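S.K.:
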Amino acid sequence: MTRLSSVALRTAAALALGGCATAVPPVEVTRFHANAAAGWAPGTRYAVDPAPLGDPAATIGSAQPSLEWASYRTAVERQLQLLGLVAADSGAAAPLKVRIGFDRSDRQTAGKRSPVSVGVGGSTGSYGSGVGLGIGLNLGGGARQMQDLQLSVRIDDGASGQALWEGRALTAVPVKAPAAQPSLAAAKLAEALFRGFPGESGRTITVP
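With mature numbering (1 follows the signal peptide of the UniProt record, and there is no 0) applied, the sequence shown corresponds to residues -23 to -1, 1 to 185, in that order.
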(Lines of atoms letter the chains of each structure in order from A and count residues from 1; the text may use other names and numbers.)
(Lines give C-alpha, C1' and ligand atoms only; values in the text may rest on other atoms or scores of the structure.)
Protein backbone atom coordinates (compact mmCIF):
# COMPACT_ATOMS: atom_id res chain seq x y z
CA MET A 1 0.00 0.00 0.00
CA THR A 2 1.40 3.40 -0.95
CA ARG A 3 1.89 6.15 1.65
CA LEU A 4 -0.79 8.25 -0.11
CA SER A 5 -3.32 5.43 0.04
CA SER A 6 -2.56 4.85 3.71
CA VAL A 7 -3.13 8.52 4.52
CA ALA A 8 -6.38 8.53 2.55
CA LEU A 9 -7.66 5.49 4.43
CA ARG A 10 -6.77 7.00 7.81
CA THR A 11 -8.52 10.23 6.85
CA ALA A 12 -11.66 8.42 5.74
CA ALA A 13 -11.69 6.40 8.95
CA ALA A 14 -11.33 9.55 11.04
CA LEU A 15 -14.23 11.18 9.22
CA ALA A 16 -16.37 8.10 9.69
CA LEU A 17 -15.61 7.96 13.40
CA GLY A 18 -16.34 11.66 13.72
CA GLY A 19 -19.72 11.16 12.08
CA CYS A 20 -20.58 8.34 14.47
CA ALA A 21 -19.55 10.45 17.46
CA THR A 22 -21.89 13.30 16.64
CA ALA A 23 -24.84 11.36 15.26
CA VAL A 24 -27.85 10.90 17.54
CA PRO A 25 -28.89 7.21 17.69
CA PRO A 26 -32.28 6.06 16.34
CA VAL A 27 -35.33 7.50 18.07
CA GLU A 28 -38.45 5.59 19.09
CA VAL A 29 -41.60 7.64 18.59
CA THR A 30 -45.18 7.02 19.69
CA ARG A 31 -48.08 9.39 19.01
CA PHE A 32 -51.76 9.56 19.87
CA HIS A 33 -54.25 11.99 18.41
CA ALA A 34 -57.82 12.89 17.65
CA ASN A 35 -58.94 13.43 14.07
CA ALA A 36 -58.70 17.20 14.54
CA ALA A 37 -54.91 16.96 14.46
CA ALA A 38 -54.95 16.28 10.72
CA GLY A 39 -57.12 19.30 9.95
CA TRP A 40 -55.12 22.24 11.28
CA ALA A 41 -54.86 24.78 8.51
CA PRO A 42 -51.62 26.62 7.80
CA GLY A 43 -51.62 29.83 9.78
CA THR A 44 -53.37 28.32 12.82
CA ARG A 45 -51.95 30.01 15.90
CA TYR A 46 -50.47 28.24 18.89
CA ALA A 47 -49.21 29.31 22.31
CA VAL A 48 -46.56 27.44 24.29
CA ASP A 49 -47.28 26.83 27.97
CA PRO A 50 -44.27 28.27 29.86
CA ALA A 51 -44.55 25.53 32.51
CA PRO A 52 -42.66 22.35 31.53
CA LEU A 53 -44.96 19.41 30.91
CA GLY A 54 -44.89 16.83 33.68
CA ASP A 55 -43.14 19.05 36.24
CA PRO A 56 -45.25 19.00 39.45
CA ALA A 57 -43.44 22.03 40.88
CA ALA A 58 -44.22 24.07 37.77
CA THR A 59 -47.95 23.64 38.35
CA ILE A 60 -47.72 25.73 41.51
CA GLY A 61 -45.45 28.32 39.99
CA SER A 62 -42.34 27.49 42.04
CA ALA A 63 -40.17 26.24 39.17
CA GLN A 64 -38.69 28.10 36.24
CA PRO A 65 -37.95 26.38 32.92
CA SER A 66 -34.28 25.45 32.55
CA LEU A 67 -32.01 26.47 29.71
CA GLU A 68 -32.13 22.88 28.49
CA TRP A 69 -35.94 23.03 28.39
CA ALA A 70 -35.58 26.20 26.32
CA SER A 71 -33.51 24.22 23.79
CA TYR A 72 -36.34 21.70 23.46
CA ARG A 73 -38.90 24.47 23.15
CA THR A 74 -36.92 26.06 20.32
CA ALA A 75 -36.64 22.71 18.52
CA VAL A 76 -40.36 21.96 18.90
CA GLU A 77 -41.41 25.41 17.73
CA ARG A 78 -39.26 25.01 14.64
CA GLN A 79 -41.15 21.83 13.76
CA LEU A 80 -44.53 23.45 14.43
CA GLN A 81 -43.66 26.32 12.14
CA LEU A 82 -42.49 23.94 9.42
CA LEU A 83 -46.01 22.49 9.63
CA GLY A 84 -47.41 25.95 8.92
CA LEU A 85 -48.50 26.83 12.45
CA VAL A 86 -47.84 30.35 13.72
CA ALA A 87 -46.79 31.43 17.20
CA ALA A 88 -49.32 33.72 18.88
CA ASP A 89 -48.23 37.02 20.37
CA SER A 90 -47.01 36.80 23.96
CA GLY A 91 -49.97 36.55 26.32
CA ALA A 92 -52.51 36.29 23.51
CA ALA A 93 -55.11 33.52 23.33
CA ALA A 94 -54.63 30.89 20.62
CA PRO A 95 -56.66 27.98 19.24
CA LEU A 96 -53.88 25.56 20.20
CA LYS A 97 -51.96 25.25 23.45
CA VAL A 98 -48.62 23.43 23.29
CA ARG A 99 -47.04 21.82 26.34
CA ILE A 100 -43.43 20.61 26.21
CA GLY A 101 -41.47 18.40 28.57
CA PHE A 102 -38.19 16.52 28.52
CA ASP A 103 -36.41 14.05 30.74
CA ARG A 104 -32.75 13.05 31.00
CA SER A 105 -31.68 10.10 33.17
CA ASP A 106 -28.41 8.19 33.58
CA ARG A 107 -28.14 4.41 33.56
CA GLN A 108 -25.83 1.50 32.74
CA THR A 109 -26.58 -0.43 29.57
CA ALA A 110 -26.22 -3.68 31.52
CA GLY A 111 -29.37 -2.79 33.47
CA LYS A 112 -32.84 -3.47 32.12
CA ARG A 113 -34.72 -0.39 31.00
CA SER A 114 -38.20 0.19 32.40
CA PRO A 115 -40.98 0.49 29.81
CA VAL A 116 -42.51 3.89 29.23
CA SER A 117 -46.26 4.38 28.95
CA VAL A 118 -47.58 6.94 26.51
CA GLY A 119 -51.09 8.33 26.22
CA VAL A 120 -53.31 11.35 25.67
CA GLY A 121 -55.21 13.13 28.41
CA GLY A 122 -53.89 10.96 31.23
CA SER A 123 -54.84 7.61 29.67
CA THR A 124 -52.15 5.26 28.44
CA GLY A 125 -52.23 3.30 25.24
CA SER A 126 -54.53 4.04 22.31
CA TYR A 127 -56.44 7.31 22.44
CA GLY A 128 -58.51 7.22 25.63
CA SER A 129 -58.40 3.44 25.91
CA GLY A 130 -56.42 3.14 29.12
CA VAL A 131 -54.34 0.29 27.64
CA GLY A 132 -50.62 0.61 28.44
CA LEU A 133 -47.93 0.56 25.77
CA GLY A 134 -44.30 -0.21 26.63
CA ILE A 135 -41.38 1.24 24.71
CA GLY A 136 -37.86 -0.26 24.99
CA LEU A 137 -34.53 0.52 23.35
CA ASN A 138 -32.27 -2.42 22.46
CA LEU A 139 -28.79 -0.98 22.82
CA GLY A 140 -26.60 -4.09 22.87
CA GLY A 141 -22.88 -4.18 23.60
CA GLY A 142 -21.11 -4.10 26.98
CA ALA A 143 -22.01 -2.00 29.99
CA ARG A 144 -21.60 1.75 29.42
CA GLN A 145 -22.82 4.85 31.17
CA MET A 146 -25.74 6.05 29.07
CA GLN A 147 -28.36 8.76 29.18
CA ASP A 148 -31.98 8.16 28.28
CA LEU A 149 -33.44 11.25 26.62
CA GLN A 150 -37.17 11.78 26.23
CA LEU A 151 -39.12 14.61 24.62
CA SER A 152 -42.85 14.87 25.33
CA VAL A 153 -45.23 17.22 23.54
CA ARG A 154 -48.97 17.65 24.07
CA ILE A 155 -51.18 19.89 21.96
CA ASP A 156 -54.50 20.88 23.54
CA ASP A 157 -57.55 22.74 22.34
CA GLY A 158 -56.92 26.26 23.59
CA ALA A 159 -60.52 26.83 24.64
CA SER A 160 -61.54 23.53 26.22
CA GLY A 161 -58.17 22.15 27.26
CA GLN A 162 -59.00 18.84 25.58
CA ALA A 163 -55.97 16.89 24.39
CA LEU A 164 -55.83 16.77 20.59
CA TRP A 165 -52.37 15.29 19.95
CA GLU A 166 -49.62 13.88 22.13
CA GLY A 167 -46.32 12.24 21.36
CA ARG A 168 -43.12 11.09 22.98
CA ALA A 169 -39.71 10.49 21.45
CA LEU A 170 -37.03 8.39 23.17
CA THR A 171 -33.37 7.75 22.50
CA ALA A 172 -30.24 6.76 24.43
CA VAL A 173 -26.73 8.20 24.02
CA PRO A 174 -23.39 7.72 25.79
CA VAL A 175 -23.05 10.28 28.60
CA LYS A 176 -19.94 11.93 27.14
CA ALA A 177 -20.96 11.78 23.47
CA PRO A 178 -21.50 15.06 21.57
CA ALA A 179 -25.00 13.76 20.79
CA ALA A 180 -25.88 14.23 24.47
CA GLN A 181 -25.59 18.00 24.07
CA PRO A 182 -29.03 19.63 24.48
CA SER A 183 -28.99 21.43 21.13
CA LEU A 184 -28.23 18.27 19.13
CA ALA A 185 -30.50 15.98 21.14
CA ALA A 186 -33.43 18.42 21.11
CA ALA A 187 -33.24 18.97 17.35
CA LYS A 188 -33.13 15.23 16.59
CA LEU A 189 -35.91 14.27 19.00
CA ALA A 190 -38.21 17.06 17.80
CA GLU A 191 -37.62 16.26 14.13
CA ALA A 192 -38.33 12.58 14.75
CA LEU A 193 -41.44 13.32 16.82
CA PHE A 194 -43.07 15.47 14.12
CA ARG A 195 -41.96 13.44 11.10
CA GLY A 196 -45.04 12.51 9.06
CA PHE A 197 -47.27 14.54 11.42
CA PRO A 198 -49.73 13.69 12.85
CA GLY A 199 -48.54 10.09 12.43
CA GLU A 200 -50.46 6.88 12.94
CA SER A 201 -52.17 7.03 16.33
CA GLY A 202 -50.98 4.38 18.78
CA ARG A 203 -48.15 3.06 16.63
CA THR A 204 -44.50 3.04 17.74
CA ILE A 205 -41.97 3.70 14.99
CA THR A 206 -38.19 3.94 14.90
CA VAL A 207 -36.73 7.01 13.19
CA PRO A 208 -33.08 6.59 12.13
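A virtual CB, placed ideally from N, CA and C, is assigned to each residue, including glycine. As the structure is a computational prediction, the values presented were derived from the model and not from experiment.
For F174, which residues of its own chain have a beta-carbon under 7 Å away from its beta-carbon, when the five flanking residues on both sides are left out?
M.R.: Position 197 of the sequence shown, counted from the first residue, corresponds to residue 174. Once the five neighbours on either side are set aside, the close Cβ partners of F174 are L60.
S.K.: Pick out whichever of A28, Q56, T148 has its Cα sitting closest to the Cα of S43.
M.R.: Against the sequence shown, residue 43 aligns to sequence position 66. Looking only at A28, Q56, T148, the smallest Cα-Cα distance to S43 is reached by A28.
S.K.: Is K165 helix, strand or coil when you go by DSSP?
M.R.: Start at 1 with the first residue of the sequence shown, and residue 165 comes out as number 188. K165 falls in the helix class under three-state DSSP.
S.K.: Going along the chain, which residues of its own chain have a beta-carbon closer than 6 Å to the beta-carbon of A52, five neighbours each way excluded?
M.R.: Walking along the sequence shown from the start, residue 52 turns up at place 75. Within the same chain, A52 has close Cβ partners A163, A164, A167.
S.K.: Go ahead and pull the three-state DSSP assignment for L59.
M.R.: Walking along the sequence shown from the start, residue 59 turns up at place 82. DSSP places L59 in helix when its eight states are reduced to three.
S.K.: Return the residue from the list S48, A157, T181, S129 that minimises the CA-CA distance to residue 215.
M.R.: The structure shown does not extend to residue 215, since the chain spans only -23 to 185, so no value can be given for it.
S.K.: Is the Cβ-Cβ distance between residue 190 and G138 less than 7 Å?
M.R.: Because residue 190 is not part of the residues shown, which for the chain are -23 to 185, the question remains open.
S.K.: Measuring straight from C-alpha to C-alpha, what distance separates S21 and R84?
M.R.: As a working note, residue 21 is residue 44 in the sequence shown. As a working note, residue 84 is residue 107 in the sequence shown. Reading the sequence as shown, one finds Thr at residue 21 and not Ser. Cα to Cα, T21 sits roughly 40 Å from R84.
S.K.: Report the option in F79, A156, D134, L170 whose CA atom is closest to the CA atom of P2.
M.R.: On the sequence shown, residue 2 is found 25 positions in, with the first residue counted as 1. Closest option to P2, Cα to Cα, is A156.
S.K.: Does the Cβ of R76 lie closer than 6 Å to at least one heavy atom of the ligand ZN?
M.R.: Although the ligand ZN was asked about, the structure shown includes no ligands whatsoever.
S.K.: Between R145, S82, L141, G135, which has its C-alpha nearest Q124's C-alpha?
M.R.: Translated into positions along the sequence shown, residue 124 becomes position 147. Among R145, S82, L141, G135, the Cα nearest to that of Q124 is on S82.
S.K.: Whose C-alpha, out of P159, A69, L73, K153, is nearest the C-alpha of R131?
M.R.: In the sequence shown, the residue the question calls residue 131 occupies position 154. For R131, the nearest C-alpha among the options comes from L73.
S.K.: Taking all protein chains shown into account, do 16 or more other C-beta atoms lie within 10 angstroms of the C-beta of residue 187, making it buried, or fewer, making it exposed?
M.R.: Given that the chain is displayed from residue -23 to residue 185, the structure contains no residue 187 and the question cannot be resolved.
S.K.: Alpha carbon to alpha carbon, how far is A140 from E45?
M.R.: Here residue 140 refers to the residue found at position 163 of the sequence shown. Here residue 45 refers to the residue found at position 68 of the sequence shown. If I take the Cα positions, the gap works out to 25 Å.
S.K.: Looking only at DSSP bridge pairs, what is Q158 linked to?
M.R.: Within the sequence shown, the letter at position 181 stands for residue 158. Answer is none; Q158 lacks a bridge partner.
S.K.: Pull up the CB-CB distance for L170 and V25, whole angstroms please, since I reckon it's below 8 Å.
M.R.: The residue labelled residue 170 in the question sits at position 193 within the sequence shown. The residue labelled residue 25 in the question sits at position 48 within the sequence shown. Between V25 and L170 the Cβ distance is about 15 Å, and since that is not below 8 Å, they are no contact.
S.K.: Can you tell me the Cα-Cα spacing of L57 and V63, whole angstroms?
M.R.: Taking the sequence shown and counting its residues from 1, one reaches residue 57 at position 80. Taking the sequence shown and counting its residues from 1, one reaches residue 63 at position 86. So the alpha carbons of these two residues sit roughly 8 Å apart.
S.K.: Measuring CA to CA, which of P19, I77, V4, R55 is closest to W142?
M.R.: Taking the sequence shown and counting its residues from 1, the one referred to as residue 142 is at position 165. Checking every option, the nearest Cα to that of W142 belongs to I77.
S.K.: Which two residues bound the contiguous beta strand (DSSP E) that contains K74?
M.R.: Against the sequence shown, residue 74 aligns to sequence position 97. Run containing K74: 73 to 85, per the beta strand (DSSP E) assignment.
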